[in-house]
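Residue numbers (the working numbering), protein chains in the order written: chain A, 3 to 527; chain B, 3 to 527.
Put into structure tokens, the structure is as follows:
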């Protein structure tokens, strides 16, 4: 190949190794088949040293001590805090320095197993494990055929199916999109049922009302064949993980406290997440946002441990910045990435699993903006060592829309992260000195023994990237990545086969749902 | 703002701070104005520990000792190596363990200044400095209006102008695109002239023939008002940096050795870069590719120091993977990123500046694939601590096309990297405790003193991201990022104003070019 000018002409650069065909590629694809979750070998990236992290922790303690938090409309919560030694001033709760941290560290598990109904798909949350779940909570969907429209239960089922088929996703998620064709007070029943029926991966419960949380717990019991103790812990098996967002700044309301209490008392996992747009719900600075996030999370995590000592909890952080021009949230910018790195380190020091990140973007469509912003979120997520990653696939428009094409692109990127997090192979095979000896100067490595031996596992393979020549790409219709993704999600849905489900369990779930639906009129609050 | 479900409805999320207008935004944009180069405050990311890096270094020494390199068609090079203590076997040169490293470490500068004709724009290369330059070497251009076509000198001038206007680019680059409407043996004269005439940033010389390298040196002398010593070093002022690619595996040819010698003897900088598609020019593994890259770079860097002890050199690495299905190069995948992190650490241990990365992609168009792949290259580039980054802006199609829209998107991302590399502000203002005290629970930070005081510098601001509501975006024509970039490059070119150039220098340059063009017939080799 030629010499000094960097890009090489297509004809010289494109070299076609011999002896491989479609069957071989299919074998390779199977070899890269699903793992229940990622166990990282890659070191974590740290942006602050010990001194910097200690400073942020001290500031969080100052916020808890001086400013405190409001626990709104929940007298029981105030009683619990009073008994734990906090200072009460109406609904304002102030915490002696170190109180929340010591409560969390006394009983919260460093990591835990969330069971899936297929035991091979149970996920470990915490430590070196990383679990990828789809996006959560969009009222709209977007695809190239229809544009943007309100989501329906059919979309919800489609995304459960696509997540089930995606090797790079380990979790079925929760409110993947809002089925707005169903009443607000009953749609959680159909959502939980869809996760059980159309997937065998672990999933999330409802948090929009304590009663809906209780329904989720009941349905999980039915789906898992009754209540059972986890032999590893002697505690009720954890089968749900649930998203409890803080009303930042510094406020917990009765809805989320209610859902948190239901789940914690059932030994189900809660992700306590300050949801912060810096500039509106926190200061415009990274260090200020991190301190406030830690203070808010500490109060919620400690509260969960007071309610149910030993219940699995996850420290969460959702950080975005506000556009100072328009007031709109922005994504994929550097500041939230810095907050993420810091919060991941702080959660490790606290000793609990961490949730953050995903494939976030503000773009309305699966274009270059969506991709830039998503990559600028997902890569920090992985380098920082996030344990539970919501919003890995599908997120568009600040979370207002769940994109079909975006979902496929994001699962592709998530697959790539599996290879990255496996780190560098320093075995003799990884060092490959014999290959370099065999080939020597001026020859090529395509046919050498080492390349042949490692052919099937070498390099991450994207199902959506077009690496062909310009001429081949033209012949293929000059498609962009979104158009290729459009064909792929349709193909996947057409090929979907449901995992087996015991008919007795299915019947019991439907019976429960029917009884609950009959018990109250439809309502949209 | 509402509670437990993650995405918030647009109307609630969009908050419009008061007291700000277009003038204020314009002031803010000016405040974020250009720096001559980035001085990083963010820690570097390391994927291997001391033991792992030592292993790779040992393997590089084994390659140099046992296998050696070919120095092709350059008897002088062989004489130089013989005198330095290498073992010769025809054109094959083998190196006693540690020889190349000791030669480099004896005389190569750890960092150096490349002077720009505007002294305020001179760049520091090495240490904590990062310099961003445009893409290099494409025979084609791409834009939304014309699609893909061969590049012309007019395109070259356009990109020099766009790079001059881009605050996030510190360097004018070299062969930004190949002006194929000019003869191969003369186009370097027009390219160097364009860099001087249409920009005042530092630039690169020609490497396609030793004579063209000599022309570049002569033109730089004229442009800089004659030869001069750098007072900091007492050596001839370094005004050119030049890309010397290795013919991997393990081969240097006469063309690049010739150019390297011309530049090194004039104390101009050379970037010695193994250009490697793993699987073809190196083993399919990360550790094998890193060891071979280091061996190749060490031999070239040491050769430059033997030719001209103390001449500025940069250790380069261009690593991509081969698609094992099609034989095509791929970009933005995890393996080249891992090679990049390792090579950056190895160059630091060697004690020379490092060049790698950029905004690489295989996509033919500025779509989501282009963005994903570019982000997955540029972010590792910045986290790893690359000092000189070629290909930051414009790269499409594996470097075969220079994209106008892609150029604008990439400069936006490069701007974002400035904010990231500034790291976390831990000053009292950065900690923002008083802001949290002032606002307290349940209120918002939009109007607080701290937000007002930090308003203009808070958060990276993208000129291309659309963060508006869906409805606003529809009203604006439903443009994707590439379409917005299309409008932006046209606006920029329309507003371009050339930097001042002494008419006597301009005349002398044109006179030199005319004489050189008259001295030989046009040729396309």
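Positions of the beta carbon are idealized from the N, C-alpha and C atoms, including for glycine.
Check whether the Cβ atoms of residue i and residue j lie closer than 7 Å to each other.
i: residue 118 (chain A); j: residue 204 (chain A); result: yes
i: residue 410 (chain B); j: residue 490 (chain B); result: yes
i: residue 452 (chain A); j: residue 285 (chain B); result: yes
i: residue 142 (chain A); j: residue 153 (chain A); result: yes
i: residue 123 (chain A); j: residue 238 (chain A); result: no
i: residue 278 (chain B); j: residue 250 (chain B); result: yes
i: residue 341 (chain A); j: residue 359 (chain A); result: no
i: residue 159 (chain B); j: residue 190 (chain B); result: no
i: residue 43 (chain A); j: residue 424 (chain A); result: yes
i: residue 163 (chain A); j: residue 195 (chain A); result: no
i: residue 374 (chain B); j: residue 317 (chain B); result: no
With a cut-off of 7 Å, does the C-beta of residue i fall near any C-beta of chain B?
i: residue 404 (chain A); result: no
i: residue 512 (chain A); result: no
i: residue 330 (chain A); result: yes
i: residue 285 (chain A); result: yes
i: residue 366 (chain A); result: yes
i: residue 127 (chain A); result: no
i: residue 294 (chain A); result: yes
i: residue 90 (chain A); result: no
i: residue 378 (chain A); result: yes
i: residue 430 (chain A); result: no
Would you say residue i faces chain A, with C-beta separation under 7 Å as the test?
i: residue 369 (chain B); result: yes
i: residue 253 (chain B); result: yes
i: residue 143 (chain B); result: no
i: residue 475 (chain B); result: yes
i: residue 446 (chain B); result: yes
i: residue 336 (chain B); result: yes
i: residue 374 (chain B); result: yes
i: residue 195 (chain B); result: no
i: residue 438 (chain B); result: yes
i: residue 383 (chain B); result: no
Let's test the definition: count the other Cβ atoms within 10 Å of the Cβ of residue i and tell me whether it reaches 16, buried, or not, exposed.
i: residue 463 (chain A); result: buried
i: residue 95 (chain A); result: buried
i: residue 32 (chain B); result: With a pLDDT of only 42 at residue 32 (chain B), under the threshold of 50, the placement of this residue in the model should not be trusted, and no figure is reported.
i: residue 513 (chain B); result: exposed
i: residue 108 (chain B); result: exposed
i: residue 28 (chain A); result: The predicted model places residue 28 (chain A) with a pLDDT of 43, which falls under 50 and marks its position as unreliable; any figure quoted below should be read in that light. Classification of residue 28 (chain A): exposed, given that the 10 Å Cβ count is below 16.
i: residue 527 (chain A); result: exposed
i: residue 234 (chain B); result: exposed
i: residue 314 (chain A); result: buried
i: residue 524 (chain A); result: exposed
Out of the options, which one is the CA nearest neighbour of residue i?
i: residue 273 (chain A); options: A:367, A:419, A:49 and A:247; result: A:247
i: residue 473 (chain B); options: A:105, A:182, A:150 and A:130; result: A:150
i: residue 157 (chain A); options: A:396, A:329 and A:259; result: A:396
i: residue 57 (chain B); options: B:289, B:316, B:238 and B:298; result: B:289
i: residue 529 (chain B); options: B:337, B:471 and B:508; result: Here chain B has residues from 3 to 527 only, and residue 529 (chain B) is not among them.
i: residue 244 (chain A); options: A:312, A:392 and A:383; result: A:392
i: residue 266 (chain A); options: A:309, A:296, A:192 and A:253; result: A:309
i: residue 515 (chain B); options: B:221, B:182, B:301 and B:83; result: B:221
i: residue 407 (chain A); options: A:293, A:441, A:176 and A:165; result: A:165
i: residue 280 (chain A); options: A:268, A:270, A:258 and A:335; result: A:335
i: residue 53 (chain A); options: A:347, A:110, A:193 and A:287; result: A:347
Run through the DSSP bridge pairs and tell me what residue i is partnered with.
i: residue 323 (chain B); result: B:280 and B:332
i: residue 144 (chain B); result: B:150 and B:405
i: residue 205 (chain A); result: A:242
i: residue 133 (chain A); result: A:390
i: residue 514 (chain A); result: Residue 514 (chain A) is not bridged to any residue.
i: residue 358 (chain A); result: A:319
i: residue 397 (chain A); result: A:404
i: residue 273 (chain A); result: A:245 and A:316
i: residue 363 (chain A); result: Paired residue(s): none; residue 363 (chain A) is not in a bridge.
TODO: Give, in chain order, every residue of the region 447-460 of chain B whose Cβ lies closer than 7 Å to some Cβ of chain D.
DONE: Of the protein chains in the structure, A and B, none is chain D.
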